[in-house]
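As structure tokens, the structure follows; a few thoughts come after it.
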Amino acid sequence: MATTNKVKTIGVLTSGGDAPGMNAAIRAAVRRGLQKGVQMKGILKGYDGLMNEEIIDMTARDVSDTIERGGTILYTARCAEMRTLEGQKRAADVCRKHGIDGLVVIGGDGSFAGAQKLAALGINTVGVPGTIDLDIACTEYTIGFDTAVNTAMEAIDKVRDTSTSHERCSIIEVMGRNAGYIALWCGIANGAEDILLPEKYDYDEQKIINNIIENRRKGKKHHIIVNAEGIGHSTSMARRIEAATGIETRATILGHMQRGGSPTCKDRVYASIMGAYAVDLLLEGKTDRVVAYKNGEYVDYDIDEALSMTKTLPEYQWEIARALSYNYTK
Ligand code: ADP
Ligand code: F6P
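Under the UniProt record's numbering, the first residue of the sequence shown carries the number 1, and numbering increases by one thereafter.
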């Protein structure tokens with residue numbers, strides 16, 4: 001890949017919700033930049049830290065022993081000021097003051113919108129998809145999803161053990177904001193009887209109640225419902241189901257445990273390549289881009305184009321998830 005070395009100093013920040021594998025992306029960006037003779041800086045606490053000039057020099061040693069760690073060594077934050085033109089100008093001024101002429105932003109769609117604004121103000125920016133939600137339209141992979149679904153899957157297996165012993169119904173709520181990818185994957189991986197996704201749920205609770213009663217009649221010991229955060233209300237749903245079926249029902253909300261932990265091999269490797277790729281784009285003189293994984297390849301898109309794309313749940317995956325559920329096994 002040809003480099004013009006136009007960019008002399010690259011800043012890296014993580015923004016929005018943290019995700020396992022963000023450290024691998026930071027490490028890769030820092031080491032790739034240093035290898036190419038660029039000065040690397042870490043910006044702490046996302047756009048908030050940028051506004052407050054919380055900026056540190058990064059050496060190769062600073063990212064040692066980080067690839068296996070969850071969270072983000074640069075910390076993260078949500079920053080309301082970045083949504084205003086005044087805040088965006090201030091952030092761009094801080095970049096200029098610190099000689100940052102290239103910026104790698106690791107986060108989700110919101111963080112990319114911030115990067116897009118900085119690009120319009122003359123700061124070369126590249127986004128790297130980092131979110132457990134898998135809800136970024138331009139890419140088939142987002143850093144953290146693989147670890148999060150594995151964490152959730154293991155937790156649901158554990159709930160299932162006790163659910164079976166007590167012959168209960170269990171509703172397990174997983175994260176994903178408005179998207180159902182974590183729920184869909186866990187639904188398949190954990191063999192859930194019902195999978196409730198914001199993209200698909202028809203709010204027909206009676207259907208679920210009928211399934212539970214019918215399955216119990218056939219001798220099934222447990223009934224696992226994976227419920228997406230976008231639907232929520234698991235506790236009240238459990239109360240209603242228990243009242244209607246007479247079967248003890250418990251709700252478990254997995255919550256932030258899904259965002260922590262040591263990243264899986266997949267998250268470490270994809271994040272490493274994406275972090276390095278972002279630096280390579282900046283060194284090619286590119287800006288206003290977002291790194292993506294599409295059809296088995298690492299690619300990049302214009303941020304405007306990336307943000308205008310819409311993502312739909314894979315229909316076949318949904319069909320099979322339902323087909324494999326005990327509810328539909330005749
Ligand atoms: P994510 O990046 O995971 O989607 P958020 O939506 O919380 O998370 O966005 C992270 C941060 O990105 C916000 O706190 C804000 O600082 C910045 N941001 C979000 N939307 C915009 C926007 N439209 N313009 C500028 N900055 C934005
Ligand atoms: O975007 C990641 C995510 O964990 C979502 O799944 C969830 O809706 C949200 O962040 C929770 O945000 P917070 O950490 O601010 O509670």
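Ideal Cβ placement from N, Cα and C applies to all residues, glycine included.
- Message: In chain order, what are the residue ranges of uninterrupted alpha helix (DSSP H) at least 4 long that sit wholly in the segment 148-215?
- Response: 181-189
- Which listed residue (G285, Y298, C265 and I188) has its alpha carbon closest to that of A323: I188
- Proximity winner among M40, G21 and E193, relative to T9 (alpha-carbon distances): M40
- Item | 7 Å CB neighbourhood of K330 in its chain, flanking five on each side removed | Confidence is the limiting factor: at K330 the pLDDT is only 49, short of 50, which leaves the residue's position unreliable, though a coordinate-based value still follows. Answer for K330: no residue qualifies.
- What did DSSP end up calling K330 once you bin it into helix, strand or coil? Note on K330: pLDDT 49, under 50, position unreliable in the model; the coordinate value appears next. Coil.
- Message: With a threshold of 7 Å on Cβ separation, who are the neighbours of D18 within its own chain once the five nearest residues in sequence on each side are excluded?
- Response: G71, T72, T76 and R259
- Please report how far the alpha carbon of N5 lies from the alpha carbon of D101, in whole angstroms. For N5, the predicted structure reports a pLDDT of 45, less than 50, and the residue's modelled location is therefore unreliable. A value from the coordinates is still provided. Answer to the nearest angstrom: the Cα atoms are 11 Å apart.
- Report all residues from its chain with a CB closer than 6 Å to the CB of L103; omit the five preceding and five following residues, and keep chain order. G11, I123 and T125
- Query: Using the rule of at least 16 other Cβ atoms within 10 Å of the residue's Cβ for burial, across every protein chain shown, is H223 buried or exposed?
  - Reply: buried
- Please report the Cβ distance between L283 and D300, rounded to the nearest whole angstrom; I am assuming they are in contact, meaning their Cβ atoms lie under 8 Å. Not confirmed; about 13 Å, so no contact.
- Query: Three or more beta-carbon pairs under 8 Å between the segment 166-186 and the segment 222-237, yes or no?
  - Reply: yes
- Message: Using 8 Å as the threshold, is the C-beta distance between I303 and A251 below it?
- Response: no
- Message: With a threshold of 7 Å (Cβ to nearest heavy atom), would K117 be considered close to the ligand ADP?
- Response: yes
- Message: Can you tell me whether R69 is helix, strand or coil according to DSSP?
- Response: coil
- Can you grab the Cα-Cα spacing for the pair Y316 / R268, in whole Å? 28 Å
- Message: Under DSSP, the alpha helix (DSSP H) around G114 begins and ends at which residues?
- Response: D109 to A120
- Query: Is G114 near the ligand ADP, with its Cβ less than 7 Å from a heavy atom?
  - Reply: yes
- Identify the residues that DSSP records as bridge partners of G21: which are they? DSSP output for G21 lists no bridge partner at all.
- Query: Is it a yes or a no for the segment 130-140 touching the segment 197-217, going by three-plus beta-carbon pairs under 8 Å?
  - Reply: no
- Query: Can you name the start and end residues of the alpha helix (DSSP H) that M82 belongs to?
  - Reply: Unbroken run through M82: none, as it is neither H nor E.
- Query: Would F145 pass as a contact of G127 if the rule is Cβ separation under 8 Å?
  - Reply: no
- Going straight from the alpha carbon of I273 to that of A28, what length do you get? 7 Å
- Does the Cβ of T310 have 16 or more other Cβ atoms within 10 Å, making it buried, or fewer, making it exposed? exposed
- Item | Beta-carbon gap between I225 and I208 smaller than 8 Å | yes
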